[in-house]
Amino acid sequence: MSTPLDLPSHLFTAIDHVGMAVPDLDEAIAFYRDTFGMTLAHEETNEEQGVREAMMAVGDSGSCVQLLAPLSESSTIAKFIDRNGPGCQQIAYRVTDVEQVAAILRERGLRMLYDAPKRGTSDSRINFVHPKDAGGILVEIVEPNPAATH
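Residue numbers for the sequence shown follow the UniProt record's numbering, beginning at 1 and rising by one.
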């Protein structure tokens, strides 16, 4: 199979973030700041995804820990916490073109959760590999918004 010339052969350019499901965002921000020395890089509410979220910078690596707190008991993150308790919910890989990478992953037999990318943190464009196709791990692919710092 040929890969488009403008994409690296490995598809992913970096680990963008690791998502942690947390019941209380403010408590989690304080814990990651005060215990691990991480700094709050970005915070927002994403109504479409049903979360209040914070990106905690891991040094100057460009990678973050994303803290995800549910906005309601019916949100995906609330259901995750009910089923599994707080903890690691996803790993997100940075890509240069989310649609092209999703198409390649589909060609390789993986199911994507969305037909088209959705809006992620800081107006990034995102999609997810179905966990059953990735060894039980929810894998997010993220095309950052070029105007955002994270």
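Every residue, glycine too, gets a C-beta built ideally from N, C-alpha and C. Being a predicted model, the structure only gives us computed values, none of them experimental.
Looking at the DSSP output, Lys132 shares a beta bridge with no other residue. Secondary structure note for Asn84: its alpha helix (DSSP H) is the uninterrupted segment Thr76 to Asn84.
Its chain contains Ala102, Leu105, Arg106, Asn127, Phe128, Val129 and His130 as the residues whose beta carbon lies nearer than 8 Å to that of Met112, once the 5 sequence neighbours on both sides are disregarded; these appear in chain order.
For Leu68 against Glu53, the beta-carbon gap comes to about 5 Å, under 8 Å, which counts as contact. Here Ile77 really is in contact with Ala21; their C-beta atoms are around 5 Å apart, less than 8 Å.
Distance between Met38 and Val142, taken at the CA atoms: about 21 Å. The three-state reading of DSSP puts Ala148 in coil, since its state is none of H, G, I, E or B. When beta bridges are read from the DSSP output, Ile91 appears opposite Val18 and Val139. Arg119 is bridged by DSSP to Arg125.
In this structure, the straight-line span from the alpha carbon of Gln49 to that of Cys88 is close to 17 Å.
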